[in-house]
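Mapped onto the numbering used here, the consecutive letters of the sequence shown carry residue numbers 1 to 593.
Glycine is no exception: its CB is placed at the ideal position from the N, C-alpha and C atoms.
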Amino acid sequence: MLGVLVIRADGGVLAVGPPKQRTLASLLLMRPNGAVPFHEMTEELWGSAPPRSAAANLRTYAGRLRAALPPRERDRLVARPLGYRLRVEDGELDLDVFEAEAAAGRVLLEEGRAEEALRRLETGLALWRGEMLEDVPHGSVIAARKVTVDALRLSAEEDCCEALLALGQPTRALNPLRALVTAHPLRERAWGLLMRALYALHDVCGALDAYAEARDALAEDLGIEPHEGLQRLHQAILRRDLAPPRTVVPASGPVCLPRQLPPATAVVGREEELSDLTRRLGAPGDVVVVHGPAGSGKSCLAVSAAHAVADHYPDGQLYVDLRAAGPGADVLCQALRGLGAEVADPDVAPLAYRSVLADRRMLVMLDNAAGTAQVRPFLAASPGSTVLVTSCPMLSVLDGAAHLRVGPLSHAASLRLLSLHVGPTRLRREPDAAADLVRLCGRLPLALRIAAARLRAHADRSVRELADRLGDERQRLDELEADGLALRASLRSPYDCLAGSGRCVDRLAAEMFRRLGPLPAGMISVQDAVRAVRGRAGEVVRALDRLVEMELAGFQPPDRYLFADLARLLARDVATHLAELDLNGGNRARPVA
Numbered sequence: 001m002l003g004v005l006v007i008r009a010d011g012g013v014l015a016v017g018p019p020k021q022r023t024l025a026s027l028l029l030m031r032p033n034g035a036v037p038f039h040e041m042t043e044e045l046w047g048s049a050p051p052r053s054a055a056a057n058l059r060t061y062a063g064r065l066r067a068a069l070p071p072r073e074r075d076r077l078v079a080r081p082l083g084y085r086l087r088v089e090d091g092e093l094d095l096d097v098f099e100a101e102a103a104a105g106r107v108l109l110e111e112g113r114a115e116e117a118l119r120r121l122e123t124g125l126a127l128w129r130g131e132m133l134e135d136v137p138h139g140s141v142i143a144a145r146k147v148t149v150d151a152l153r154l155s156a157e158e159d160c161c162e163a164l165l166a167l168g169q170p171t172r173a174l175n176p177l178r179a180l181v182t183a184h185p186l187r188e189r190a191w192g193l194l195m196r197a198l199y200a201l202h203d204v205c206g207a208l209d210a211y212a213e214a215r216d217a218l219a220e221d222l223g224i225e226p227h228e229g230l231q232r233l234h235q236a237i238l239r240r241d242l243a244p245p246r247t248v249v250p251a252s253g254p255v256c257l258p259r260q261l262p263p264a265t266a267v268v269g270r271e272e273e274l275s276d277l278t279r280r281l282g283a284p285g286d287v288v289v290v291h292g293p294a295g296s297g298k299s300c301l302a303v304s305a306a307h308a309v310a311d312h313y314p315d316g317q318l319y320v321d322l323r324a325a326g327p328g329a330d331v332l333c334q335a336l337r338g339l340g341a342e343v344a345d346p347d348v349a350p351l352a353y354r355s356v357l358a359d360r361r362m363l364v365m366l367d368n369a370a371g372t373a374q375v376r377p378f379l380a381a382s383p384g385s386t387v388l389v390t391s392c393p394m395l396s397v398l399d400g401a402a403h404l405r406v407g408p409l410s411h412a413a414s415l416r417l418l419s420l421h422v423g424p425t426r427l428r429r430e431p432d433a434a435a436d437l438v439r440l441c442g443r444l445p446l447a448l449r450i451a452a453a454r455l456r457a458h459a460d461r462s463v464r465e466l467a468d469r470l471g472d473e474r475q476r477l478d479e480l481e482a483d484g485l486a487l488r489a490s491l492r493s494p495y496d497c498l499a500g501s502g503r504c505v506d507r508l509a510a511e512m513f514r515r516l517g518p519l520p521a522g523m524i525s526v527q528d529a530v531r532a533v534r535g536r537a538g539e540v541v542r543a544l545d546r547l548v549e550m551e552l553a554g555f556q557p558p559d560r561y562l563f564a565d566l567a568r569l570l571a572r573d574v575a576t577h578l579a580e581l582d583l584n585g586g587n588r589a590r591p592v593a
């Protein structure tokens, strides 16, 4: 992938096919061993206006790719319910090898092992044969991934030069650094390295001229002064007191190393998802979104995976609960305080955030995101950093993001989770009651954890007694609360996002949830929904789709929408609360017609 697309097998080069087929192959290689959704492939190949034959064409392209493989290798490309999956073994993909060598080189460099670092970095950079996928038509996903990989390549080239300086070889670093600052005049770290190389070669005037060029470039393109680290380097050169260091001080200046991840809890029934997520987080530079219904254990899964890869991010782990945080750039100000930087002006926060994280390798976890707008300020801070997001909606408009959906647990996994907290003996004594408890909890990990806490707190009570309490729909949400955990609050969060939105379609979706959710059937057709709210079919469908996106409803082709039991109970709860407000003269939001 690090040049024109080439796939080799049995000593020969395979015929990948025409441009769109090459795009499909590239997209599959960018998500090795993970299913790429059909909708993502369709958008990448045809944009927002795919032809009616798109699905058939995808099958044709995939079939031809499979046929191009040697017969014994054709099981590498398989269809999944929602997309295609291409199996790639360790060491087979040049992009994976480059990212691993670049990461290892950076770690060795930080440890002061410059000679070993240089070997690893040069091995990775030698894999490049031109521009990444230079013969492949780019859609939004490939283009976004290319930006990230290109940035990592530049950081690796800078690391190489830093290793050469640490080894006392400034002459070898000089030409690569001149080429870097010429092609990328806003790379402050490259300018700093060039200044050090020139100073080490006793060219003080050249080093000072390099600073002047860097300052002019930054002022002309960004309207800013060089960062404090580069200014300090300039002053040291002016004073002629810059000693040759073992490693170069990054231009971004000092930053505290946060270790903010919440404690990890046991993950049950998500072993495959945990393995997949851990693998994705192991390669810095990505945006990974874990999405699914409220209470499905997204945060628990994400935190466990984040702890598993924490040592891949030596500059720390930043954690932000977006549900509890304030709006927009104010959240960035709070995050910057956690990084040891005091920024009071929200308008300055985005630039300060990018500066603090520049050339750092950090894991940034954004928990409980309600929408893309909350996430965007934290993106593109550093090619070596990874952003991990949990949300109910998929956040599908985040370009280049990898998405992992988690739903309710299987019945067997739900019983395992209960057993972990309650003990297997107690459940074996009442298998039918335990099965009922799992069903009434909707197989949601949060509800199951709360039920387990209730059972632990009342060891003398039977499982059947709690199951019977939950069986009463009027009190089920009240019963699923224990010691600060409340299923109702978690389930209600996506509804509150819709109800408080400024978009008409979101407010209509909230209104429809209140009206249609409590219906006993739990399922409604588009026609029934149109009649219920007396709205236009197009508006009603868009509002119903928003409920699906927010995981408050499901969709059953061709035109039916489903409300799970716990969603129905929440809808009834909200509708009852608003009716009581009306009865008592409270203020109720005006329904959307």
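>> With the cut-off set at 9 Å, would you say Gly83 and Pro50 are in Cβ contact?
In response: no
>> Suppose you measure from the CA of Leu77 to the CA of Ala151; what does that come to, to the nearest Å?
In response: 30 Å
> What does a CB cutoff of less than 7 Å around Val6 pick up in its chain, not counting 5 residues either side in sequence?
Replying inline: Val13
> Should Leu2 be labelled buried (16 or more other beta-carbon atoms within 10 Å of its own) or exposed?
Replying inline: buried
>> Judging by CA-CA distance, which residue of Thr390, Cys497, Gly229 and Gly502 is the nearest neighbour of Cys300?
In response: Thr390
>> Can you find the residues in the same chain that come closer than 6 Å, C-beta to C-beta, to Lys20, ignoring five residues on each side of it along the sequence?
In response: Leu45
> Relative to the C-alpha of Val574, which residue among Tyr561, Arg531, Glu549 and Gly517 is closest?
Replying inline: Gly517
>> Would Arg279 and Asn57 qualify as a contact pair, given that the criterion is a beta-carbon distance under 9 Å?
In response: no
> Should Leu409 go down as buried or exposed, given a rule of 16 or more other Cβ atoms within 10 Å for buried?
Replying inline: buried
>> Ala402 and Arg31 - do their beta-carbons sit closer together than 9 Å?
In response: yes
> Along the chain, where does the beta strand (DSSP E) that runs through Ile524 open and close?
Replying inline: Met523 to Ser525
> Are the beta-carbon atoms belonging to Leu395 and Gly371 less than 9 Å from one another?
Replying inline: yes
> Is it buried or exposed for Leu257, if we count other Cβ within 10 angstroms and need 16 for buried?
Replying inline: exposed
>> Am I right that Ser419 and Gly295 are in contact with their C-beta atoms under 8 Å? What's the rounded C-beta distance?
In response: Not really, about 19 Å apart at Cβ, beyond 8 Å.
>> In the DSSP output, what is Leu485 paired with across the bridge?
In response: Ala482
> What does a CB cutoff of less than 7 Å around Phe98 pick up in its chain, not counting 5 residues either side in sequence?
Replying inline: Leu2, Gly124 and Leu127
>> Pairs of beta-carbons, one from the segment 520-529 and one from the segment 537-545, closer than 8 Å: are there three or more?
In response: yes
> With burial defined as no fewer than 16 other Cβ atoms inside 10 Å of the residue's Cβ, what is the status of Pro558: buried or exposed?
Replying inline: exposed
> So does the segment 134-148 actually touch the segment 111-120, counting three or more Cβ pairs closer than 8 Å?
Replying inline: no
> Hey, how far is the Cα of Arg87 from the Cα of Arg464?
Replying inline: 46 Å
> Between which two residues does the alpha helix (DSSP H) containing Arg153 stretch?
Replying inline: Ser140 to Ala166
> Using the rule of at least 16 other Cβ atoms within 10 Å of the residue's Cβ for burial, across every protein chain shown, is Gly11 buried or exposed?
Replying inline: exposed
> Taking the continuous beta strand (DSSP E) assigned at Asn175, which residues delimit it?
Replying inline: Taken as a continuous stretch (DSSP letters only), Asn175 belongs to no beta strand (DSSP E), being part of the alpha helix (DSSP H) at Pro170 to Ala183.
>> Taking the straight line between their C-alpha atoms, what separation do you get for Gly253 and Leu24?
In response: Caution applies to Gly253, whose pLDDT of 41 falls short of 50 and renders its modelled position unreliable; the value that the coordinates give is listed next. Each residue's Cα considered, the two are about 42 Å apart.
> Closest to Val438 by CA distance: which of Arg429, Glu430 and Leu448 is it?
Replying inline: Leu448
> Does DSSP classify Ser391 as helix, strand or coil?
Replying inline: strand
> Cα separation between Thr386 and Leu552?
Replying inline: 29 Å
>> Helix, strand or coil for Asn57? Go by DSSP, reduced to three states.
In response: helix
> Looking at Pro81 and Gly269, is the spacing between their C-beta atoms short of 9 Å?
Replying inline: no
>> Quick check on DSSP: helix, strand or coil for Leu238?
In response: helix
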